[in-house]
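> Got a structure for you, written out below as structure tokens; questions coming shortly.
Residue numbers (the numbering used here): 54 to 164.
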């Protein structure tokens, strides 16, 4: 099974991945159904993404690296990260991930 891979040093923080994921699911520009959540940590001075993957895993992508959290493991983070658990799991757009195609810098790939 393929999953999304995030390369943080390539990310420019455009949040296009979150938008195109929502567009793929709802056919309108809404992030509410996106499996990707762009987040900004103002206190720490960085941005990153959270991806809800198959089986409820969370891919936490930050400038200092990528971490995978399995269901039941504490993810840390702020309260603003909690809505990702209510979003649908990434289904890799049924074989043609739009976020990968849309990303202008190649920060998302299949693994």
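Where a beta carbon is used, it is the ideal one built from N, C-alpha and C, also for glycine.
1. Within the continuous beta strand (DSSP E) that includes residue 114, where are the two ends?
2. Taking buried to mean at least 16 other C-beta atoms within 10 Å of its own C-beta, is residue 104 buried or exposed?
3. Please report the straight-line C-alpha distance between residue 143 and residue 83, rounded to a whole angstrom.
4. Roughly how many angstroms lie between the CA atoms of residue 161 and residue 59, to the nearest whole one?
5. Where do the N-terminal and C-terminal ends of the beta strand (DSSP E) with residue 58 fall, by residue?
6. Can residue 153 and residue 164 be called in contact, C-beta distance under 8 Å?
7. In terms of alpha-carbon separation, which member of 159, 156, 151 lies closest to residue 43?
8. Looking at residue 111: is its Cβ nearer than 8 Å to the Cβ of residue 57?
9. Taking C-beta to C-beta, are residue 124 and residue 61 nearer than 8 Å?
10. What residue does the alpha helix (DSSP H) around residue 151 start on, and which one ends it?
Checking against the coordinates, here is how it stands:
1. 111-115
2. buried
3. 16 Å
4. 5 Å
5. 57-59
6. no
7. Nothing about residue 43 can be reported from this structure: the residues present for the chain run from 54 to 164 only.
8. no
9. no
10. 151-155
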